[in-house]
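Per the numbering used here, residue 4 is the first one in the sequence shown, and the count goes up by one each step.
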Amino acid sequence: MEERRLGPVVGLGTWRTFGGDAATAHEVVGSALAAGVRVFDSSPMYGGAEASLGAALRERRDGTVVATKIWSQSVADGKAQYGRQVEWFGRVEIEQIHNLAAWREQLAWLEQERALGRVDRLGVTHYAPSAFGELAEALRTRRFDVVQLPLNPREREAERELLPLAAELGVAVIVMRPFGEGALLRRSPSAEALRELGVETWPEALLKWVLSDPRVDVVIPATSKPERAATNAAAGLPPWFGPDERARVAELAA
Ligand SMILES: NC(=O)c1ccc[n+]([C@@H]2O[C@H](COP(=O)([O-])OP(=O)(O)OC[C@H]3O[C@@H](n4cnc5c(N)ncnc54)[C@H](OP(=O)(O)O)[C@@H]3O)[C@@H](O)[C@H]2O)c1
């Protein structure tokens, strides 16, 4: 399944950071692209973020991967969401079923889109550990190529069942919430602790912690600041952390 791998890379999330603010989206996306980011995650749930991401990527879409979502209990509404995405993005490379919403019903028509080559990969997402059992059930159908889940040193429930299952099935993993929606960044460890880890900043350490798990493909930190989009992207380069460094990051994040 190696050729199916997406990473390890840093992508860009879009929840709550630029919404319908097209100017901010243009700057943040431009900075991310210049720093080598290629995977952009969005959803109809993110209040205008898809439209502003689409506008920001226009003229510079080549080589990029749009990972967005279908989020509705109704198939008709799901298809309408997809129609708008095709207008904004031209096509969707990774189409994910958001929060498992009507996943069996949405999957049936999305599989046809994939079979026709209009979508490259199908994924399924959930943010809550209480839904991880159903997320695993969905993956076991072997009808999904991608799973999106939360993972950071304070939220490690995915390590129990989902990451081993994804590795076993050859399902690519996209990690949301690497900074715990910013909560892990409120306090930074000392400069000396960071130096010992071989990194310059705490966000870099947290992103490297996620990508150092060989079962993870893409991590999608969100930011409204162009300069942070660039520094976050830089964390997607080796060297990766070994077990000792990962344990140290977990200790510092506790
Ligand atoms: N959270 C969920 O439940 C969920 C669910 C489904 C999908 N997702 C996807 O996953 C993406 C990422 O998750 P998330 O947005 O919830 O949280 P996150 O990426 O863990 O954290 C985002 C927060 O971190 C801050 N930040 C980013 N880079 C920083 C840096 N270098 N230094 C300091 N602060 C930094 C941002 O603030 P500034 O804007 O001020 O930089 C923002 O408030 C989402 O955008 C979305 O695409 C999330």
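Built from N, CA and C at the ideal position, the CB exists for glycine as well. Remember, it's a predicted structure, so these values are computed and weren't measured experimentally.
Can you list, in chain order, the residues of its chain with a C-beta nearer than 8 Å to that of residue 4? Leave out the 5 residues immediately preceding and following it.
Position 1 of the sequence shown holds residue 4. The pLDDT assigned to residue 4 is 36, lower than 50, so where the model puts this residue is not dependable; a value taken from the coordinates is nonetheless given after this. The answer, listed in chain order, is 173.
In chain order, which beta strand (DSSP E) runs of at least 3 residues are fully inside the region 203-235?
none
Rounded to a whole number of angstroms, what is the C-alpha to C-alpha distance between residue 31 and residue 225?
Mapped onto the sequence shown, residue 31 falls at position 28. Mapped onto the sequence shown, residue 225 falls at position 222. Distance between the alpha carbons of residue 31 and residue 225: 10 Å.
Does the region 188-208 come into contact with the region 232-252, if we say contact requires no fewer than three beta-carbon pairs (one atom in each stretch) closer than 8 Å?
yes
Heavy atom of ligand 2 within 7 Å of residue 223 beta-carbon:
Of the ligands one can find in the structure shown, namely ligand 1, none is ligand 2.
Could you have a look at residue 148 and say whether DSSP puts it in helix, strand or coil?
Taking the sequence shown and counting its residues from 1, the one referred to as residue 148 is at position 145. Coil, per DSSP.
Should the region 140-160 be called in touch with the region 107-126, which here means at least 3 C-beta pairs below 8 Å?
yes
Could you check whether the Cβ of residue 65 sits closer than 7 Å to any heavy atom belonging to ligand 1?
Residue mapping note: residue 65 aligns to position 62 of the sequence shown, counting from 1. False, no ligand heavy atom lies under 7 Å from that Cβ.
Distance between residue 81 and residue 65 (C-alpha atoms, nearest Å):
Here residue 65 corresponds to residue number 62 of the sequence shown, with the count starting at 1. Here residue 81 corresponds to residue number 78 of the sequence shown, with the count starting at 1. Between residue 65 and residue 81, the C-alpha separation is close to 26 Å.
Please find out if some non-hydrogen atom of ligand 1 comes closer than 7 Å to the beta-carbon of residue 185.
For this step, residue 185 is matched to residue 182 along the sequence shown. Checking every heavy atom of ligand 1 against the Cβ of residue 185, one is found closer than 7 Å.
Hey, how far is the Cα of residue 170 from the Cα of residue 218?
Within the sequence shown, residue 170 is the residue found at index 167, counting from 1. Within the sequence shown, residue 218 is the residue found at index 215, counting from 1. Cα to Cα, residue 170 sits roughly 6 Å from residue 218.
What does a CB cutoff of less than 7 Å around residue 36 pick up in its chain, not counting 5 residues either side in sequence?
Against the sequence shown, residue 36 aligns to sequence position 33. So the qualifying residues of the chain are 63.
Cut-off 8 Å between Cβ atoms - residues of its own chain near residue 142, not counting five sequence neighbours on either side
As a first step, residue 142 is located in the sequence shown; it is residue number 139 there, counting from the start. Result list for residue 142: 127, 150, 165, 168, 169, 172 and 174, in chain order.
Can you check whether the CB of residue 213 is closer than 8 Å to the CB of residue 181?
Position 178 of the sequence shown, counted from the start, is the residue given in the question as residue 181. Position 210 of the sequence shown, counted from the start, is the residue given in the question as residue 213. A contact, by the Cβ cut-off of 8 Å.
Given 7 Å as the limit, tell me if residue 109 has its C-beta closer than that to any heavy atom belonging to ligand 1.
In the sequence shown, the residue the question calls residue 109 occupies position 106. No; taking the cut-off as 7 Å, the Cβ of residue 109 has no heavy atom of ligand 1 nearer than that.
Which value, in whole angstroms, describes the spacing of the CA atoms of residue 252 and residue 196?
Looking up residue 252 in the sequence shown gives position 249. Looking up residue 196 in the sequence shown gives position 193. Between residue 252 and residue 196, the C-alpha separation is close to 9 Å.
Using the Cβ count rule (16 or more neighbours within 10 Å means buried), how would you classify residue 133?
The residue given as residue 133 occupies position 130 in the sequence shown. Exposed, by the Cβ-count rule.
Rounded separation between residue 73 and residue 8 - CA only:
Here residue 73 refers to the residue found at position 70 of the sequence shown. Here residue 8 refers to the residue found at position 5 of the sequence shown. Cα to Cα, residue 73 sits roughly 22 Å from residue 8.
Within the present structure, is the beta-carbon of residue 166 separated from the nearest heavy atom of ligand 1 by less than 7 Å?
Position 163 of the sequence shown, counted from the first residue, corresponds to residue 166. Outside the cutoff, so no.
Proximity winner among 163, 23 and 48, relative to residue 55 (alpha-carbon distances):
As a first step, residue 55 is located in the sequence shown; it is residue number 52 there, counting from the start. For residue 55, the nearest C-alpha among the options comes from 23.
Apply the 10 Å Cβ neighbour rule to residue 84 and answer buried if 16 or more other Cβ atoms are within range, or exposed otherwise.
To locate residue 84, count along the sequence shown from 1; it is residue 81. Answer is buried; the Cβ neighbour count reaches 16.
Exposed or buried, what is residue 193 when buried is set at 16 or more other beta-carbons lying within 10 Å of its beta-carbon?
Here residue 193 refers to the residue found at position 190 of the sequence shown. That one is exposed.
List the endpoints of the continuous alpha helix (DSSP H) containing residue 135.
Position 132 of the sequence shown, counted from the first residue, corresponds to residue 135. Element bounds for residue 135: 135-143.
Any heavy atom of ligand 1 within a distance shorter than 7 Å of the CB on residue 212?
In the sequence shown, counting from the first residue as 1, residue 212 sits at position 209. No, since every heavy atom of ligand 1 falls outside the 7 Å radius drawn around the Cβ of residue 212.
If the criterion is Cβ atoms closer than 8 Å, does the pair residue 59 and residue 29 meet it?
Translated into the one-based positions of the sequence shown, residue 59 becomes position 56. Translated into the one-based positions of the sequence shown, residue 29 becomes position 26. The answer is yes: Cβ separation under 8 Å.
Using a 10 Å radius around the Cβ and a threshold of 16 neighbouring Cβ atoms, would you call residue 77 buried or exposed?
Here residue 77 refers to the residue found at position 74 of the sequence shown. With fewer than 16 Cβ atoms within 10 Å of its Cβ, residue 77 is classed as exposed.
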